[in-house]
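S.K.:
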Amino acid sequence: MALQLSQDKVFLLTPEFYRSATSKWGAQGTLGQVLTCGTSYLPVAFPTIAEDDDDKIVGGYTCAENSVPYQVSLNSGYHFCGGSLISSQWVLSAAHCYKYRIQVQLGKHNLALTESTQQFINSAKVIRHSGYSAYTLNNDIMLIKLATPAQLSNAIQTVSLPTSCVATGTTCLISGWGNTLSSGSNYPDELQCLNAPVLSATDCQNAYPGQITSNMMCVGFLEGGKDSCQGDSGGPVVCNGELQGIVSWGIGCAQKGYPGVYTKVCNYVSWIQSTIAAN
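Residue numbers in the sequence shown follow my numbering, run continuously in steps of one, and reach 606 at the last position.
#1: Roughly how many whole angstroms lie between the Cα atoms of residue 446 and residue 531?
#2: What is the C-beta distance between residue 553 and residue 386, in whole angstroms, given that I count them as a contact (C-beta under 8 Å)?
#3: May I ask you to report which of helix, strand or coil DSSP gives residue 546?
#4: Give the DSSP-derived three-state secondary structure of residue 606 in the structure shown.
#5: Given this structure, state the Cα-to-Cα distance separating residue 384 from residue 432, to the nearest angstrom.
#6: Can you give me the C-alpha to C-alpha distance between residue 626 and residue 420, rounded to a whole angstrom?
#7: Mind checking whether residue 496 and residue 555 have CB atoms under 8 Å apart?
#8: If you reduce the DSSP assignment to three classes, tell me which class residue 451 lands in.
#9: Express the C-alpha separation of residue 478 and residue 527 in angstroms, rounding to a whole number.
#10: If distances are taken between C-alpha atoms only, which option among 604, 533 and 606 comes closest to residue 584?
#11: Roughly how many whole angstroms lie between the Cα atoms of residue 389 and residue 500?
#12: Rounded to whole angstroms, what is the Cα-Cα separation between residue 456 and residue 466?
#13: Which ranges does the beta strand (DSSP E) cover as unbroken runs of at least 3 residues, wholly within the region 504-540, from first to last along the chain?
#14: Between the alpha carbons of residue 542 and residue 490, how many angstroms are there, rounded?
#15: If you draw a straight line from the alpha carbon of residue 589 to that of residue 598, how long is it in whole angstroms?
#16: Pull up the distance between the alpha-carbon of residue 518 and that of residue 398, whole angstroms please.
#17: Can you tell which of 426, 462, 562 and 458 has the C-alpha that lies nearest to the C-alpha of residue 450?
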């Protein structure tokens with residue numbers, strides 16, 4: 328990875344940026360350009376470079392213990408992204424969280440403790456959507472097959488896929504182990520929660536002109552103050568009991584005028600079902 332700074336722009340010189348822990352993408356103020364040999368320049372929102380690999384919620388609250396039983400932590404010696412258990416052997420996350428091998432930690436509330444509810448299961452397969460773009464973050468979705476099925480319990484449960492797309496204004500639950508500050512850093516060990524509304528497609532497009540595809544949606548507050556943040560990436564947005572969103576990207580965290588952007592899961596139900604059936 329190489330970064331070059333030039334006044335108000337950031338230039339990413341190689342396509343593979345990720346620490347994986349810098350999971351939620353965001354510009355530090357403006358858009359830059361991706362520079363890769365043999366490709367044309369494309370404006371994108373750049374990853375915020377975090378000092379810590381953990382990811383939490385800004386402006387939320389500590390979840391009641393085991394109240395989000397479908398939430399998982401993706402681990403490779405450290406927590407780097409979130410995910411959602413959608414069946415006993417499959418987890419849904421964001422494609423930009425990809426690693427070849429992942430340990431999935433289920434039944435967790437406090438990452439710093441050994442908990443009686445926890446199960447750690449290695450990945451057998453990690454499958455990114457074939458249409459995923461690291462430049463635009465379109466199709467930012469990934470499936471993880473567990474090496475062995477999870478043993479379901481009160482602390483480990485699956486979440487339902489959408490039966491239809493969520494309506495504007497619906498309040499949803501976002502959760503994760505990410506940064507709780509929009510400026511600076513604070514990394515609580517306990518799972519954080521945030522209740523936030525689905526914004527209209529118009530508000531989403533106005534916040535990020537030319538960057539929102541039909542596979543993305545905005546959830547949060549235009550006035551700022553509450554948002555997902557670095558490393559909440561891949562985690563769930565659950566509305567009326569259905570997994571409607573995956574934490575994907577945004578400019579900064581909880582900044583006025585820049586709500587969080589999420590993968591629109593309702594567009595991928597057929598892909599999820601066919602991929603699971605084939606693997």
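No residue lacks a Cβ here, since even glycine has one placed at the ideal position from N, Cα and C.
M.R.: Working from what's here:
#1: Position 119 of the sequence shown, counting from 1, holds the residue named residue 446. Position 204 of the sequence shown, counting from 1, holds the residue named residue 531. Distance between the alpha carbons of residue 446 and residue 531: 37 Å.
#2: Here residue 553 refers to the residue found at position 226 when the sequence shown is read from its first residue. Here residue 386 refers to the residue found at position 59 when the sequence shown is read from its first residue. Indeed they touch by this definition, with Cβ atoms about 3 Å apart.
#3: Taking the sequence shown and counting its residues from 1, the one referred to as residue 546 is at position 219. Strand at residue 546.
#4: Along the sequence shown, read from residue 1 onward, the residue named residue 606 stands at position 279. Residue 606: coil per DSSP, three-state reduction.
#5: Taking the sequence shown and counting its residues from 1, the one referred to as residue 384 is at position 57. Taking the sequence shown and counting its residues from 1, the one referred to as residue 432 is at position 105. When rounded, the distance between both Cα atoms is 19 Å.
#6: As shown, the chain starts at 328 and ends at 606. That puts residue 626 outside it, with no answer to give.
#7: Taking the sequence shown and counting its residues from 1, the one referred to as residue 496 is at position 169. Taking the sequence shown and counting its residues from 1, the one referred to as residue 555 is at position 228. Cβ distance not < 8 Å, so residue 496 and residue 555 don't count as in contact.
#8: Working through the sequence shown from its first residue, we reach residue 451 at position 124. In the structure shown, residue 451 sits in a strand (DSSP, three-state: E or B).
#9: Position 200 of the sequence shown, counted from the first residue, corresponds to residue 527. Position 151 of the sequence shown, counted from the first residue, corresponds to residue 478. So the alpha carbons of these two residues sit roughly 38 Å apart.
#10: By 1-based counting over the sequence shown, the position of residue 584 is 257. Nearest of 604, 533 and 606 to residue 584, Cα basis: 533.
#11: By one-based count along the sequence shown, residue 389 stands at place 62. By one-based count along the sequence shown, residue 500 stands at place 173. Whole-angstrom Cα-Cα distance: 12 Å.
#12: The count along the sequence shown starts at 1 and reaches residue 456 at position 129. The count along the sequence shown starts at 1 and reaches residue 466 at position 139. C-alpha separation (whole angstroms): 6 Å.
#13: 519-524
#14: Taking the first residue of the sequence shown as position 1, residue 542 is located at position 215. Taking the first residue of the sequence shown as position 1, residue 490 is located at position 163. Cα-Cα distance, rounded: 16 Å.
#15: Taking the sequence shown and counting its residues from 1, one reaches residue 589 at position 262. Taking the sequence shown and counting its residues from 1, one reaches residue 598 at position 271. Cα to Cα, residue 589 sits roughly 17 Å from residue 598.
#16: As a working note, residue 518 is residue 191 in the sequence shown. As a working note, residue 398 is residue 71 in the sequence shown. Cα-Cα distance, rounded: 9 Å.
#17: Position 123 of the sequence shown holds residue 450. For residue 450, the nearest C-alpha among the options comes from 426.
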